[in-house]
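Numbering (the numbering used here), first residue to last: 365 to 820.
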(Lines of atoms letter the chains of each structure in order from A and count residues from 1; the text may use other names and numbers.)
(Lines give C-alpha, C1' and ligand atoms only; values in the text may rest on other atoms or scores of the structure.)
Protein backbone atom coordinates (compact mmCIF):
# COMPACT_ATOMS: atom_id res chain seq x y z
CA UNK A 1 0.00 0.00 0.00
CA UNK A 2 1.02 3.60 -0.29
CA UNK A 3 3.08 5.12 2.49
CA UNK A 4 0.19 7.35 3.60
CA UNK A 5 -1.91 4.51 4.95
CA UNK A 6 -0.98 1.48 7.04
CA UNK A 7 -2.70 -1.79 6.25
CA UNK A 8 -5.00 -3.03 8.99
CA UNK A 9 -6.01 -6.60 9.73
CA UNK A 10 -9.65 -5.56 9.31
CA UNK A 11 -8.98 -4.82 5.63
CA UNK A 12 -7.57 -8.33 5.14
CA UNK A 13 -10.53 -9.87 6.98
CA UNK A 14 -12.95 -7.87 4.81
CA UNK A 15 -11.23 -8.96 1.60
CA UNK A 16 -11.25 -12.60 2.71
CA UNK A 17 -14.96 -12.45 3.45
CA UNK A 18 -15.84 -10.47 0.32
CA UNK A 19 -13.94 -12.71 -2.08
CA UNK A 20 -14.56 -16.09 -0.49
CA UNK A 21 -11.13 -16.80 1.00
CA UNK A 22 -11.95 -17.32 4.68
CA UNK A 23 -15.14 -17.19 6.80
CA UNK A 24 -15.94 -17.35 10.49
CA UNK A 25 -16.79 -20.97 11.33
CA UNK A 26 -20.45 -21.70 12.13
CA UNK A 27 -21.27 -18.09 11.30
CA UNK A 28 -25.05 -18.63 11.09
CA UNK A 29 -24.96 -19.67 14.77
CA UNK A 30 -22.91 -16.69 15.84
CA UNK A 31 -19.57 -18.34 15.15
CA UNK A 32 -17.23 -20.40 17.31
CA UNK A 33 -14.35 -18.57 18.95
CA UNK A 34 -11.19 -18.46 16.85
CA UNK A 35 -12.17 -21.11 14.32
CA UNK A 36 -12.39 -20.40 10.60
CA UNK A 37 -13.54 -22.07 7.40
CA UNK A 38 -11.68 -21.68 4.11
CA UNK A 39 -13.77 -20.86 1.06
CA UNK A 40 -12.95 -21.72 -2.55
CA UNK A 41 -10.10 -19.25 -3.13
CA UNK A 42 -8.77 -19.74 0.40
CA UNK A 43 -8.56 -23.50 -0.15
CA UNK A 44 -6.73 -23.00 -3.45
CA UNK A 45 -4.32 -20.47 -1.92
CA UNK A 46 -3.52 -22.53 1.16
CA UNK A 47 -3.12 -25.67 -0.94
CA UNK A 48 -0.63 -23.78 -3.10
CA UNK A 49 1.30 -22.68 0.00
CA UNK A 50 1.47 -26.28 1.22
CA UNK A 51 2.40 -27.56 -2.24
CA UNK A 52 5.27 -25.08 -2.50
CA UNK A 53 6.53 -26.09 0.94
CA UNK A 54 6.28 -29.77 -0.02
CA UNK A 55 8.06 -29.18 -3.30
CA UNK A 56 10.91 -27.32 -1.58
CA UNK A 57 11.49 -29.65 1.38
CA UNK A 58 10.55 -33.08 -0.03
CA UNK A 59 10.27 -33.20 -3.80
CA UNK A 60 13.50 -31.34 -4.51
CA UNK A 61 15.61 -33.03 -1.82
CA UNK A 62 17.22 -36.45 -1.53
CA UNK A 63 17.46 -36.34 2.26
CA UNK A 64 13.77 -36.09 3.20
CA UNK A 65 10.92 -38.59 3.47
CA UNK A 66 7.19 -38.03 3.97
CA UNK A 67 4.89 -38.99 6.82
CA UNK A 68 1.24 -38.53 7.70
CA UNK A 69 0.80 -39.52 11.36
CA UNK A 70 -2.55 -39.95 13.09
CA UNK A 71 -4.05 -37.09 15.08
CA UNK A 72 -4.95 -39.42 17.97
CA UNK A 73 -1.94 -41.01 19.65
CA UNK A 74 -1.30 -43.24 22.67
CA UNK A 75 -1.61 -41.12 25.85
CA UNK A 76 1.89 -42.15 26.94
CA UNK A 77 3.18 -40.10 24.01
CA UNK A 78 2.23 -36.92 25.83
CA UNK A 79 3.72 -38.09 29.10
CA UNK A 80 7.05 -38.75 27.40
CA UNK A 81 7.01 -35.45 25.51
CA UNK A 82 6.25 -33.45 28.65
CA UNK A 83 2.98 -32.08 27.34
CA UNK A 84 0.82 -33.51 30.11
CA UNK A 85 2.94 -31.89 32.79
CA UNK A 86 4.46 -28.86 31.13
CA UNK A 87 2.27 -27.76 28.21
CA UNK A 88 0.56 -25.04 30.18
CA UNK A 89 0.03 -21.29 30.09
CA UNK A 90 -0.56 -19.00 33.08
CA UNK A 91 -4.25 -18.05 33.08
CA UNK A 92 -5.74 -15.08 34.92
CA UNK A 93 -9.42 -14.18 35.09
CA UNK A 94 -10.96 -10.76 35.43
CA UNK A 95 -12.62 -10.34 38.83
CA UNK A 96 -14.40 -7.20 37.64
CA UNK A 97 -17.33 -6.80 35.29
CA UNK A 98 -16.28 -8.66 32.14
CA UNK A 99 -14.98 -11.94 33.70
CA UNK A 100 -12.74 -12.54 30.69
CA UNK A 101 -9.70 -14.79 30.81
CA UNK A 102 -6.20 -13.80 29.72
CA UNK A 103 -2.69 -15.17 29.48
CA UNK A 104 -0.83 -13.54 32.33
CA UNK A 105 2.52 -13.37 30.49
CA UNK A 106 0.93 -11.59 27.51
CA UNK A 107 -0.85 -9.04 29.71
CA UNK A 108 2.30 -8.47 31.76
CA UNK A 109 4.39 -7.88 28.66
CA UNK A 110 1.84 -5.48 27.15
CA UNK A 111 1.37 -3.46 30.34
CA UNK A 112 4.81 -3.63 31.97
CA UNK A 113 7.10 -4.27 29.01
CA UNK A 114 8.30 -7.78 29.93
CA UNK A 115 6.51 -11.02 30.68
CA UNK A 116 8.52 -11.53 33.88
CA UNK A 117 8.34 -7.90 35.08
CA UNK A 118 7.18 -7.24 38.63
CA UNK A 119 4.16 -5.05 39.22
CA UNK A 120 0.38 -4.99 39.19
CA UNK A 121 -1.53 -5.78 36.02
CA UNK A 122 -5.22 -5.19 35.29
CA UNK A 123 -7.79 -6.60 32.89
CA UNK A 124 -7.03 -5.27 29.38
CA UNK A 125 -10.75 -5.10 28.63
CA UNK A 126 -12.31 -3.36 31.66
CA UNK A 127 -9.31 -2.53 33.89
CA UNK A 128 -10.72 -4.77 36.59
CA UNK A 129 -8.69 -6.71 39.12
CA UNK A 130 -7.19 -10.01 37.92
CA UNK A 131 -7.09 -13.31 39.80
CA UNK A 132 -3.91 -15.06 40.82
CA UNK A 133 -2.45 -17.03 37.88
CA UNK A 134 -3.48 -20.66 37.36
CA UNK A 135 -1.70 -23.13 35.10
CA UNK A 136 -3.95 -24.10 32.19
CA UNK A 137 -3.15 -27.15 30.03
CA UNK A 138 -3.59 -26.37 26.35
CA UNK A 139 -4.43 -29.87 25.12
CA UNK A 140 -7.95 -30.84 24.08
CA UNK A 141 -9.03 -34.00 25.88
CA UNK A 142 -11.50 -36.50 24.48
CA UNK A 143 -12.44 -40.16 25.00
CA UNK A 144 -11.89 -43.18 22.81
CA UNK A 145 -14.49 -45.93 22.83
CA UNK A 146 -18.16 -46.00 23.87
CA UNK A 147 -17.67 -45.18 27.58
CA UNK A 148 -16.25 -41.91 28.87
CA UNK A 149 -14.08 -43.30 31.63
CA UNK A 150 -10.57 -42.40 32.74
CA UNK A 151 -8.95 -45.37 31.02
CA UNK A 152 -10.14 -44.17 27.60
CA UNK A 153 -8.81 -40.60 27.74
CA UNK A 154 -6.92 -39.46 24.68
CA UNK A 155 -5.84 -36.06 23.38
CA UNK A 156 -6.01 -34.18 20.13
CA UNK A 157 -2.38 -33.63 19.25
CA UNK A 158 -1.08 -30.14 20.05
CA UNK A 159 1.73 -30.52 17.49
CA UNK A 160 2.66 -32.83 14.63
CA UNK A 161 6.24 -33.35 15.83
CA UNK A 162 5.56 -36.23 18.22
CA UNK A 163 4.02 -38.31 15.44
CA UNK A 164 7.37 -38.07 13.67
CA UNK A 165 9.43 -39.00 16.72
CA UNK A 166 7.41 -42.11 17.57
CA UNK A 167 7.76 -43.25 13.95
CA UNK A 168 11.53 -42.70 13.80
CA UNK A 169 12.28 -46.43 14.06
CA UNK A 170 9.70 -47.35 11.40
CA UNK A 171 11.03 -44.78 8.96
CA UNK A 172 14.64 -45.78 9.60
CA UNK A 173 13.84 -49.38 8.65
CA UNK A 174 12.15 -48.70 5.30
CA UNK A 175 13.60 -45.39 4.08
CA UNK A 176 17.23 -46.56 3.66
CA UNK A 177 18.42 -43.18 4.95
CA UNK A 178 21.10 -42.32 7.43
CA UNK A 179 21.64 -39.05 9.30
CA UNK A 180 21.54 -36.37 8.18
CA UNK A 181 18.01 -36.96 6.90
CA UNK A 182 14.59 -35.60 7.70
CA UNK A 183 10.93 -36.53 8.03
CA UNK A 184 8.35 -34.02 6.85
CA UNK A 185 4.61 -33.85 7.32
CA UNK A 186 1.68 -31.49 7.02
CA UNK A 187 -1.24 -31.93 9.40
CA UNK A 188 -3.80 -30.47 11.77
CA UNK A 189 -2.97 -29.65 15.39
CA UNK A 190 -5.19 -28.40 18.20
CA UNK A 191 -4.49 -26.09 21.13
CA UNK A 192 -7.02 -24.79 23.60
CA UNK A 193 -5.52 -21.31 23.55
CA UNK A 194 -6.58 -18.95 26.33
CA UNK A 195 -6.48 -15.84 24.18
CA UNK A 196 -6.48 -16.72 20.49
CA UNK A 197 -6.98 -13.95 18.01
CA UNK A 198 -5.71 -11.79 15.15
CA UNK A 199 -7.80 -13.65 12.58
CA UNK A 200 -6.06 -16.88 11.46
CA UNK A 201 -2.76 -15.99 13.13
CA UNK A 202 -3.58 -17.81 16.36
CA UNK A 203 -6.45 -20.30 16.31
CA UNK A 204 -7.45 -23.36 18.27
CA UNK A 205 -7.36 -25.59 15.19
CA UNK A 206 -4.49 -25.02 12.78
CA UNK A 207 -2.33 -26.74 10.21
CA UNK A 208 1.41 -27.25 10.59
CA UNK A 209 4.14 -27.81 8.03
CA UNK A 210 6.82 -29.46 10.10
CA UNK A 211 10.22 -31.10 9.61
CA UNK A 212 12.25 -33.13 12.07
CA UNK A 213 15.76 -33.34 10.63
CA UNK A 214 17.98 -35.97 12.28
CA UNK A 215 21.70 -35.25 12.32
CA UNK A 216 24.90 -36.54 13.97
CA UNK A 217 25.25 -34.57 17.23
CA UNK A 218 28.44 -32.77 16.16
CA UNK A 219 26.72 -31.45 13.01
CA UNK A 220 23.68 -29.96 14.77
CA UNK A 221 24.86 -26.30 14.94
CA UNK A 222 25.81 -26.34 11.25
CA UNK A 223 22.46 -27.79 10.18
CA UNK A 224 20.56 -25.41 12.45
CA UNK A 225 22.16 -22.46 10.66
CA UNK A 226 21.56 -23.98 7.23
CA UNK A 227 17.88 -24.58 7.89
CA UNK A 228 17.40 -21.01 9.11
CA UNK A 229 18.90 -19.72 5.87
CA UNK A 230 16.90 -22.13 3.70
CA UNK A 231 13.61 -21.28 5.34
CA UNK A 232 14.16 -17.51 5.13
CA UNK A 233 14.92 -17.92 1.42
CA UNK A 234 11.71 -19.88 0.85
CA UNK A 235 9.54 -16.93 1.89
CA UNK A 236 11.44 -14.34 -0.15
CA UNK A 237 11.52 -16.57 -3.23
CA UNK A 238 7.72 -16.70 -3.05
CA UNK A 239 7.42 -12.94 -2.98
CA UNK A 240 7.59 -11.86 0.67
CA UNK A 241 9.48 -8.57 0.75
CA UNK A 242 12.76 -9.00 2.70
CA UNK A 243 12.13 -5.84 4.75
CA UNK A 244 9.06 -7.55 6.23
CA UNK A 245 11.06 -10.57 7.48
CA UNK A 246 13.59 -10.94 10.25
CA UNK A 247 15.30 -13.73 12.18
CA UNK A 248 15.12 -13.38 15.97
CA UNK A 249 17.18 -15.60 18.23
CA UNK A 250 15.57 -16.73 21.49
CA UNK A 251 17.21 -15.55 24.67
CA UNK A 252 18.22 -18.12 27.29
CA UNK A 253 15.17 -17.17 29.38
CA UNK A 254 12.68 -18.07 26.63
CA UNK A 255 14.14 -21.30 25.26
CA UNK A 256 11.96 -24.38 25.52
CA UNK A 257 13.16 -27.06 27.93
CA UNK A 258 14.23 -29.29 25.04
CA UNK A 259 15.99 -26.62 22.98
CA UNK A 260 19.64 -25.56 23.02
CA UNK A 261 19.01 -22.93 20.34
CA UNK A 262 15.88 -21.58 18.67
CA UNK A 263 15.31 -18.71 16.27
CA UNK A 264 11.99 -17.41 15.02
CA UNK A 265 11.40 -16.20 11.50
CA UNK A 266 9.18 -13.21 12.19
CA UNK A 267 6.96 -11.28 9.79
CA UNK A 268 5.74 -7.71 10.10
CA UNK A 269 2.00 -8.39 10.35
CA UNK A 270 -0.46 -5.48 10.77
CA UNK A 271 -0.36 -6.18 14.54
CA UNK A 272 3.45 -5.98 14.59
CA UNK A 273 6.38 -8.39 14.37
CA UNK A 274 5.15 -11.90 15.14
CA UNK A 275 6.38 -15.46 14.71
CA UNK A 276 5.91 -17.01 11.29
CA UNK A 277 8.10 -20.08 11.75
CA UNK A 278 10.43 -21.48 14.40
CA UNK A 279 13.71 -23.28 13.73
CA UNK A 280 14.92 -25.16 16.82
CA UNK A 281 17.83 -27.38 17.78
CA UNK A 282 15.98 -29.91 19.94
CA UNK A 283 19.06 -31.99 20.70
CA UNK A 284 18.36 -35.65 21.53
CA UNK A 285 15.63 -34.83 24.04
CA UNK A 286 12.66 -36.27 22.14
CA UNK A 287 14.11 -39.57 20.97
CA UNK A 288 15.69 -40.14 24.38
CA UNK A 289 12.40 -39.51 26.19
CA UNK A 290 10.36 -41.76 23.91
CA UNK A 291 12.97 -44.50 24.22
CA UNK A 292 12.74 -44.21 28.01
CA UNK A 293 8.94 -44.35 28.13
CA UNK A 294 8.43 -46.99 25.42
CA UNK A 295 11.38 -49.28 26.13
CA UNK A 296 12.33 -49.19 22.42
CA UNK A 297 15.79 -48.19 21.24
CA UNK A 298 15.50 -45.05 19.13
CA UNK A 299 19.02 -44.66 17.85
CA UNK A 300 21.05 -44.93 14.68
CA UNK A 301 23.66 -47.67 14.16
CA UNK A 302 26.25 -47.10 11.46
CA UNK A 303 27.24 -50.55 10.23
CA UNK A 304 30.33 -49.27 8.44
CA UNK A 305 31.89 -47.42 11.36
CA UNK A 306 30.24 -49.28 14.21
CA UNK A 307 29.04 -45.99 15.71
CA UNK A 308 25.78 -46.02 17.64
CA UNK A 309 24.15 -42.75 18.70
CA UNK A 310 20.87 -40.95 19.30
CA UNK A 311 20.60 -38.30 16.56
CA UNK A 312 20.07 -34.65 17.37
CA UNK A 313 17.03 -33.00 15.82
CA UNK A 314 16.72 -29.72 13.95
CA UNK A 315 13.09 -28.67 13.67
CA UNK A 316 11.82 -26.08 11.17
CA UNK A 317 8.15 -25.73 12.15
CA UNK A 318 5.84 -23.49 10.12
CA UNK A 319 2.13 -22.79 10.26
CA UNK A 320 0.25 -23.16 6.98
CA UNK A 321 -2.40 -20.70 8.18
CA UNK A 322 0.15 -18.11 9.34
CA UNK A 323 2.07 -18.44 6.09
CA UNK A 324 -1.17 -17.98 4.13
CA UNK A 325 -1.95 -14.86 6.16
CA UNK A 326 1.56 -13.48 5.60
CA UNK A 327 1.33 -13.98 1.84
CA UNK A 328 -2.09 -12.29 1.81
CA UNK A 329 -0.86 -9.32 3.85
CA UNK A 330 2.32 -8.88 1.83
CA UNK A 331 0.47 -9.04 -1.48
CA UNK A 332 -2.32 -6.61 -0.56
CA UNK A 333 -2.08 -3.28 -2.35
CA UNK A 334 -4.34 -0.35 -3.13
CA UNK A 335 -3.55 2.06 -5.94
CA UNK A 336 -5.26 4.65 -8.08
CA UNK A 337 -5.79 3.75 -11.74
CA UNK A 338 -7.34 6.35 -14.06
CA UNK A 339 -8.90 8.15 -11.13
CA UNK A 340 -10.35 5.03 -9.53
CA UNK A 341 -9.09 3.03 -6.58
CA UNK A 342 -7.96 -0.51 -7.34
CA UNK A 343 -7.41 -3.20 -4.71
CA UNK A 344 -5.06 -5.90 -5.94
CA UNK A 345 -3.35 -8.96 -4.50
CA UNK A 346 0.15 -8.88 -5.96
CA UNK A 347 0.73 -12.47 -4.99
CA UNK A 348 3.37 -14.73 -6.52
CA UNK A 349 1.85 -16.46 -9.57
CA UNK A 350 2.79 -19.88 -8.14
CA UNK A 351 0.60 -19.13 -5.12
CA UNK A 352 -2.27 -17.41 -6.93
CA UNK A 353 -5.55 -19.38 -6.55
CA UNK A 354 -6.39 -18.77 -10.22
CA UNK A 355 -3.66 -18.29 -12.84
CA UNK A 356 -5.75 -16.94 -15.71
CA UNK A 357 -9.35 -15.79 -16.20
CA UNK A 358 -11.19 -15.92 -19.52
CA UNK A 359 -13.51 -12.94 -19.94
CA UNK A 360 -15.82 -12.90 -23.02
CA UNK A 361 -16.91 -9.34 -23.81
CA UNK A 362 -20.02 -9.71 -25.99
CA UNK A 363 -22.18 -12.58 -27.11
CA UNK A 364 -21.67 -12.40 -30.85
CA UNK A 365 -22.17 -15.47 -32.97
CA UNK A 366 -19.44 -17.99 -32.25
CA UNK A 367 -17.86 -15.98 -29.43
CA UNK A 368 -19.19 -17.84 -26.37
CA UNK A 369 -18.20 -21.13 -27.94
CA UNK A 370 -14.70 -19.86 -28.76
CA UNK A 371 -14.27 -18.46 -25.23
CA UNK A 372 -15.34 -21.75 -23.70
CA UNK A 373 -12.97 -23.61 -25.99
CA UNK A 374 -10.02 -21.44 -24.91
CA UNK A 375 -10.99 -21.84 -21.26
CA UNK A 376 -11.17 -25.60 -21.65
CA UNK A 377 -7.69 -25.68 -23.22
CA UNK A 378 -6.25 -23.56 -20.41
CA UNK A 379 -7.79 -25.49 -17.54
CA UNK A 380 -6.02 -28.63 -18.72
CA UNK A 381 -2.67 -27.07 -17.77
CA UNK A 382 -3.34 -24.33 -15.18
CA UNK A 383 -6.15 -23.32 -12.77
CA UNK A 384 -8.35 -21.16 -15.00
CA UNK A 385 -11.66 -19.38 -14.43
CA UNK A 386 -14.45 -18.43 -16.81
CA UNK A 387 -16.08 -15.13 -15.82
CA UNK A 388 -18.89 -13.60 -17.90
CA UNK A 389 -20.87 -11.74 -15.22
CA UNK A 390 -20.96 -7.94 -15.08
CA UNK A 391 -19.01 -5.21 -16.86
CA UNK A 392 -15.43 -5.88 -17.93
CA UNK A 393 -14.22 -3.35 -15.34
CA UNK A 394 -15.95 -5.17 -12.51
CA UNK A 395 -14.61 -8.49 -13.71
CA UNK A 396 -11.06 -7.11 -13.83
CA UNK A 397 -11.45 -5.79 -10.27
CA UNK A 398 -12.77 -9.14 -9.07
CA UNK A 399 -9.82 -10.97 -10.57
CA UNK A 400 -7.38 -8.37 -9.19
CA UNK A 401 -8.72 -8.92 -5.68
CA UNK A 402 -8.20 -12.68 -5.81
CA UNK A 403 -4.72 -12.21 -7.27
CA UNK A 404 -5.22 -13.64 -10.78
CA UNK A 405 -2.01 -12.82 -12.70
CA UNK A 406 -3.55 -12.79 -16.20
CA UNK A 407 -6.91 -12.09 -17.82
CA UNK A 408 -7.85 -13.00 -21.38
CA UNK A 409 -10.48 -10.87 -23.09
CA UNK A 410 -12.43 -12.47 -25.93
CA UNK A 411 -14.10 -9.84 -28.14
CA UNK A 412 -15.43 -9.24 -31.63
CA UNK A 413 -11.95 -9.02 -33.07
CA UNK A 414 -11.31 -12.58 -31.87
CA UNK A 415 -13.82 -13.90 -34.38
CA UNK A 416 -12.39 -11.69 -37.14
CA UNK A 417 -8.65 -12.31 -36.82
CA UNK A 418 -8.29 -15.04 -34.17
CA UNK A 419 -6.55 -12.83 -31.55
CA UNK A 420 -7.34 -12.16 -27.87
CA UNK A 421 -6.23 -9.51 -25.38
CA UNK A 422 -3.91 -10.63 -22.57
CA UNK A 423 -3.91 -8.32 -19.52
CA UNK A 424 -1.15 -8.39 -16.89
CA UNK A 425 -2.32 -7.93 -13.27
CA UNK A 426 0.76 -6.06 -12.08
CA UNK A 427 1.64 -3.81 -15.02
CA UNK A 428 -1.90 -3.51 -16.46
CA UNK A 429 -0.25 -3.93 -19.88
CA UNK A 430 -2.61 -5.33 -22.52
CA UNK A 431 -1.17 -7.34 -25.42
CA UNK A 432 -2.92 -8.76 -28.45
CA UNK A 433 -1.86 -12.38 -29.09
CA UNK A 434 -3.11 -15.20 -31.34
CA UNK A 435 -5.74 -17.32 -29.60
CA UNK A 436 -3.92 -20.45 -30.72
CA UNK A 437 -0.84 -19.32 -28.74
CA UNK A 438 -2.68 -18.65 -25.46
CA UNK A 439 -1.71 -21.85 -23.64
CA UNK A 440 1.99 -21.66 -24.56
CA UNK A 441 2.15 -17.93 -23.76
CA UNK A 442 0.56 -18.37 -20.32
CA UNK A 443 2.89 -21.28 -19.55
CA UNK A 444 5.87 -19.22 -20.66
CA UNK A 445 4.93 -16.25 -18.50
CA UNK A 446 4.19 -18.37 -15.44
CA UNK A 447 7.58 -20.01 -15.86
CA UNK A 448 9.47 -16.71 -15.79
CA UNK A 449 11.10 -15.39 -12.59
CA UNK A 450 8.82 -13.10 -10.62
CA UNK A 451 9.48 -10.56 -7.89
CA UNK A 452 7.09 -8.19 -6.09
CA UNK A 453 6.51 -5.07 -8.20
CA UNK A 454 7.00 -1.59 -6.80
CA UNK A 455 4.07 -0.46 -4.67
CA UNK A 456 1.91 2.58 -5.22
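In this text, a Cβ means the ideal position worked out from N, Cα and C, and glycines have one as well.
Requested in this report: With a 10 Å radius around its C-beta and 16 neighbouring C-beta atoms as the bar for buried, classify residue 581 as buried or exposed.
Outcome: exposed
**Report entry** residue 468 vs residue 494 beta-carbon contact at 9 angstroms
**Finding:** yes
**Report entry** Reference residue 553, options 433, 402 and 386, closest by Cα
**Finding:** 433
Query - Cα-Cα separation, residue 478 to residue 472 - result: 6 angstroms
**Report entry** Exposure label - residue 567; buried when at least 16 CB within 10 Å
**Finding:** buried
Requested in this report: Can you give me the start and stop residues for the alpha helix (DSSP H) that residue 825 sits inside?
Outcome: Because the chain here runs from 365 to 820, residue 825 falls outside it and cannot be looked at.
Query raised in the report: So does the segment 713-722 actually touch the segment 435-442, counting three or more Cβ pairs closer than 8 angstroms?
Result: no
Query raised in the report: For residue 753, which three-state DSSP category applies?
Result: coil
Report task. With DSSP as the reference, please indicate the residues paired to residue 772 in a beta bridge. Result -> 722 and 786
Report task. State yes or no: is the C-beta of residue 680 within less than 9 angstroms of the C-beta of residue 639? Result -> no
**Report entry** For residue 637, the first and last residue of its enclosing beta strand (DSSP E)
**Finding:** 636-647
Report task. With a cut-off of 8 angstroms on the beta carbons, I'd call residue 400 and residue 629 a contact; round off their distance for me. Result -> About 23 angstroms separates the two Cβ atoms, so there is no contact after all.
Requested in this report: Figure out for me which residue from 685, 590 and 588 has the closest Cα to the Cα of residue 386.
Outcome: 685
Query raised in the report: What is the C-beta distance between residue 572 and residue 659, in whole angstroms, given that I count them as a contact (C-beta under 8 angstroms)?
Result: About 28 angstroms; that fails the 8 angstroms criterion.
Query raised in the report: Which partner residues of residue 627 appear in the DSSP bridge assignment?
Result: 613 and 643
Report task. Thinking residue 810 and residue 774 are a contact (beta carbons under 8 angstroms), I'd like their distance in whole angstroms, please. Result -> With 8 angstroms as the limit, residue 810 and residue 774 do not qualify as a contact, their Cβ atoms being about 20 angstroms apart.
Query raised in the report: Going along the chain, which residues of its own chain have a beta-carbon closer than 8 angstroms to the beta-carbon of residue 412, five neighbours each way excluded?
Result: 714, 715, 716 and 717
Query raised in the report: Below 8 angstroms, can you find three or more Cβ-Cβ pairs linking the segment 665-680 to the segment 644-652?
Result: yes
Query raised in the report: Where are the beta strand (DSSP E) runs, 3 residues long or more, that stay fully inside the segment 554-586, in chain order?
Result: 569-579
**Report entry** Where residue 596 falls, given that 16 or more other Cβ within 10 Å makes a residue buried
**Finding:** buried
**Report entry** Spatial neighbours of residue 505 in its chain, beta-carbon cut-off 7 angstroms, leaving aside the 5 residues before and after
**Finding:** 517 and 519
Query - DSSP three-state assignment for residue 811, whether helix, strand or coil - result: helix
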